[in-house]
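Protein chains: 2
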Amino acid sequence: MNVPSLQHELKKQQPFDCPAEEAYLNLVRTAGSLCGEFNRLFKANNLSESTYNVLRILRGAQKAEGLVGLPSLEVAERLVTRVPDITRLVDRLITAGLAERTRDEDDRRVVIVSITSAGLAVLRKLDKPIRRLHEQQLGHLSRKELIEFNRLLEKARQPVASSTDY
Amino acid sequence: MNVPSLQHELKKQQPFDCPAEEAYLNLVRTAGSLCGEFNRLFKANNLSESTYNVLRILRGAQKAEGLVGLPSLEVAERLVTRVPDITRLVDRLITAGLAERTRDEDDRRVVIVSITSAGLAVLRKLDKPIRRLHEQQLGHLSRKELIEFNRLLEKARQPVASSTDY
DNA sequence: CTACAATAAATGTTGAAACAGTTATCGCTG
DNA sequence: CAGCGATAACTGTTTCAACATTTATTGTAG
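If you read the sequences in order, they're chains A and B.
When you read off a place in the first sequence, starting at 1, and then add 1322, the result is the number in the numbering used here.
When you read off a place in the second sequence, starting at 1, and then add 1322, the result is the number in the numbering used here.
Next up, the structure:
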């Protein structure tokens, strides 16, 4: 079965109101579709996209920056999608034994979150399946297409008449 | 302020593991960003993206297909993002007076969901702001870019080696 | 005509996201 | 060093999504 056009897929008789709307729906649907496959993979390992991303960030801070852990807010800021409730996100990881908290003695307001060896083990186990899924999802786009795709996605994030930038 | 590259934005020191992953993160982040703006608009009118989409589908069925309403399952199938819990989604619309249920007398298992005049009024009120937001978000992409964007998004949804298609 | 599989919708329950409000600590100013 | 605003994290609460289970109705096979 070929992938039908979005318009046909939604059984809309009339064309889209405007091209921008069509692209928006296309974008949301595509992201949802690809996300869904990852969520299934994560769920099979008792993780969610959010908790997985936190673990990735913590491992990255260790490997690339040589840090034991990161302050909670720092973790929140590095997440792909904004998360206002980092506390309970980390709570779940701690309950699962994948992360731990230590209070920063220099500034007792901040809490350092770090990944445990169990957390690292989970990530290691997931690395290959994740990479394989990435390849399966977008590996059939050529190098050129990927570059153009990224360019368009970044341009789409840059709003027109961004009055907030002044 | 320019939109920094995703890589810089996430404060990752090392490059992405693979191009497919970079594109995936870019996609998810862009969709989340644009979605967030719509969600704010919807919320200001006591709607969510899901409930708004249901209303749109119901209005579309009326206008384009001349139907009074649609069976619940039919509504669920037309939604952009899969929703397993159409019942309570419609519940909320009914509580808000924007939709109503009638039992199909021919097949008493099915429930016909239809939009009320209040629901149509809400949609009418939102039509312009929605269109304006679409234009603001993606209106700065040229016609050519939008076409290519759509093409790439559809290609991205088409998995490689889709063994399920045989 | 009864039994039963299939279908449509509703319900129960759990888990997570969103938002507001609170507590603890810090740094600065008088 | 007392007071105060700013900052970091936590907590309470509501709403929503996801999953499994249940009820009601239909059509169909014996």
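Yeah, the Cβ is synthetic: ideal placement off N, Cα and C, and Gly gets one too.
Please read these numbers as outputs of a predicted model, since none were measured by experiment.
Segment contact, 8 Å Cβ cut-off, at least three pairs: the stretch 1432-1441 of chain B with the stretch 1460-1470 of chain B
no
Other residues of its chain near I1359/B: CB distance less than 8 Å, five sequence neighbours each side excluded
The sequence as given places Glu at residue 1359/B; Ile does not occur at that position. Counting only Cβ-Cβ distances below 8 Å, and skipping sequence neighbours, we find L1455 and Q1459.
How long is the line joining the alpha carbons of L1356/A and Q1384/B, rounded to whole angstroms?
32 Å
Identify, in the order they occur along the chain, each residue of the same chain with its Cβ nearer than 6 Å to the Cβ of V1432/A, setting aside the five sequence neighbours on each side.
P1393 and D1426
Here's the rule I'm using: 16 or more other beta-carbon atoms within 10 Å means buried, otherwise exposed. How should A1421/B be labelled?
buried
Any beta-carbon of chain A closer than 7 Å to the one on Y1346/B?
So, interface residue.
Please classify T1403/B: does DSSP put it in a helix, a strand, or coil?
Correct three-state label for T1403/B: coil.
Within 7 Å, strictly: CB atoms of V1397/A and V1435/A:
Yes, the Cβ-Cβ distance between V1397/A and V1435/A is below 7 Å.
Taking all protein chains shown into account, decide if I1469/A is buried (16 or more other Cβ within 10 angstroms of its Cβ) or exposed.
exposed
Please identify, using Cβ separations under 7 Å, the residues of the stretch 1375-1400 of chain B that lie next to chain A, in order along the chain.
G1382, A1386, E1387 and R1400
Can you grab the Cα-Cα spacing for the pair D1493/A / L1389/B, in whole Å?
Shown here, chain A extends from 1323 to 1488; a query on residue 1493/A therefore has no answer.
Quick one: what's got a C-beta closer than 8 Å to N1361/B's C-beta in the same chain, skipping five residues either side?
S1370 and E1371
Counting only C-beta atoms, is G1441/A closer than 7 Å to chain B at any point?
no
Give me the Cα-Cα distance between C1340/A and A1418/B, rounded to the nearest whole angstrom.
29 Å
Is there a Cβ of chain A sitting closer than 7 Å to that of N1472/B, yes or no?
The beta-carbon of N1472/B is placed less than 7 Å from the nearest beta-carbon of chain A.
Please classify E1387/B as buried or exposed, where buried requires at least 16 other C-beta atoms within 10 Å of its C-beta.
exposed
Provide the residue(s) that pair with A1421/A in DSSP beta bridges, ordered along the chain.
I1437/A
7 Å Cβ cutoff, P1451/B in contact with chain A
no
Please work out which residues of its chain come closer than 6 Å, Cβ to Cβ, to A1345/A, disregarding the five sequence neighbours upstream and downstream, and give them in chain order.
none
Would you please verify whether the beta carbon of S1370/B is less than 7 Å from any beta carbon of chain A?
no
Does DSSP put P1481/B in a helix, in a strand, or in coil?
coil
Cβ-based neighbour list, K1365/B, same chain, cut-off 6 Å, excluding 5 preceding and 5 following:
none
Taking 7 Å as the CB-CB limit, is T1373/A close to chain B?
no
Roughly how many angstroms lie between the CA atoms of T1409/A and L1363/A, to the nearest whole one?
Linking T1409/A to L1363/A through their CA atoms gives a straight-line distance of about 24 Å.
Less than 8 Å between the CB atoms is what I'm expecting for N1367/B and L1401/B, so what's the real figure, rounded?
So it is not a contact: roughly 19 Å between Cβ atoms.
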